[in-house]
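Taking our numbering, I'd label the letters of the sequence shown as residues 8 to 256. We put the beta carbon where it would ideally sit given N, CA and C, even for glycine. What follows is a short report on a single structure.
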Amino acid sequence: MSSKIASFEQDKKGVTITLGDNTAVRGDILIDADGARSAVRTHLYQTLEKQGLLPKSDTEAMSVGYVSLLGTTDVLDPAKYPSLLKEDCETSFIIDDKRTPYTWATFTVPGNKICWNIINQLGLSSIADEEVEPPDWVAQDKKKMMDSIRHFPTTYGNIGDLFDVTQTDRVSKVFFEDKLFETWNHGRVALISDAGAINAMQDAVLIANHTYDIKPTTHENIQTALNEYKEERFDAIKDQYPQSYISPS
């Protein structure tokens, strides 16, 4: 639809979303898979908080342990970067000593390009929402971090050499945020993970299984299906989380 969700309303007969262009779309179920800062999750949590139905833990700030700066270069000359001619991807990771909180990596990709990634351990247990947002960082913010680490060595010279052949609009700066939310669904609305690799796929498969055979699509049957989805996934995630979350040491 090429339009963002602005808000939604649900009742016993369905759920209506309002898009950024004021278009309204109505359906039986709304499934949000756009991360912890999505408009759907935000609107749902605000609504539940007003009704006194949101657990206190879901109102607390997310843990932010690391920030990542990553980008992809322009097309490069294989004569200057012979690794581009290799059939297999060449990957390099550098973990600095205790002088800096950085780890950085480079890897070749098709099209004679090199991807690079710098991870900075922040040393903070949590950061307020206003300090993390906005997700789309302006050019000055990216450049400030890039200028401070240009001298970091790589197998291709200093990483600043790769910065110089990377367009600003192909550079992203993102925080790694951690939180186990208690609220996964309410009424006709369900939230699924956008976490990379396994969890997002498992959520999608299980919620598809639980909603596929809802007959008839009454409000009660939909609620039951979404509750069962949460019950099946939550305990497994709760067991995994302490072993996998990223928190600064």
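- In this structure, the straight-line span from the alpha carbon of alanine 207 to that of lysine 93 is close to 33 angstroms.
- Looking at the DSSP output, phenylalanine 183 bridges to Tyr73.
- Assignment of leucine 169 by DSSP, reduced to helix, strand and coil, places it in the helix class.
- Under the three-state reduction of DSSP, lysine 120 is assigned to strand.
- A direct Cα-Cα distance of roughly 29 angstroms separates lysine 186 from lysine 150.
- Residues of the same chain with a CB within less than 7 angstroms of the CB of histidine 193, apart from the 5 flanking positions on each side, are Leu51, Leu55 in chain order.
- Going by C-alpha positions, tyrosine 109 is about 24 angstroms away from tyrosine 88.
- Per DSSP, arginine 44 is not a residue of any beta strand (DSSP E), being assigned neither H nor E.
- Pairing phenylalanine 15 with cysteine 96, the inter-Cα distance amounts to about 45 angstroms.
- Short of 7 angstroms from the beta carbon of serine 200, and not among the five residues preceding or following it, lie these beta carbons of its own chain, in chain order: Asn206, Ala207, Asp210.
- The beta carbons of glutamine 128 and glycine 164 sit no closer together than 9 angstroms.
- Around the CB of glutamine 17, 16 or more other CB atoms lie within 10 Å, so the residue is classed as buried.
- In the three-state reduction of the DSSP assignment, alanine 13 falls in the strand class.
- Annotation: leucine 129 is outside any alpha helix (DSSP H) and is labelled neither H nor E by DSSP.
- The shortest CA-to-CA distance from threonine 173 to any of Tyr219, Trp123, His158, Lys180 is the one to Trp123.
- Using a 10 angstroms sphere on the CB of lysine 180, the tally of other CB atoms reaches 16 or more, which defines it as buried.
- The beta carbon of glycine 34 sits closer than 7 angstroms to those of Gly21, Val22, all from its chain and outside the five residues before and after it, given in chain order.
- Boundaries of the beta strand (DSSP E) harbouring valine 196: 196–198, taken from the DSSP string.
- Looking at the DSSP output, histidine 193 bridges to Val196.
- Counted as a single uninterrupted DSSP element, the beta strand (DSSP E) harbouring threonine 98 occupies residues 98–102.
- Following the DSSP letters along the chain, one finds aspartate 35 in no alpha helix (DSSP H), marked with neither H nor E.
- CA-to-CA, the gap between serine 90 and glycine 167 works out to about 18 angstroms.
- Isoleucine 102 counts as exposed, since fewer than 16 other beta carbons sit within 10 angstroms of its beta carbon.
- Contact annotation, tryptophan 191 with lysine 237: C-beta distance approximately 4 angstroms; criterion of less than 8 angstroms satisfied.
- The three-state secondary structure of isoleucine 156, taken from DSSP, is coil.
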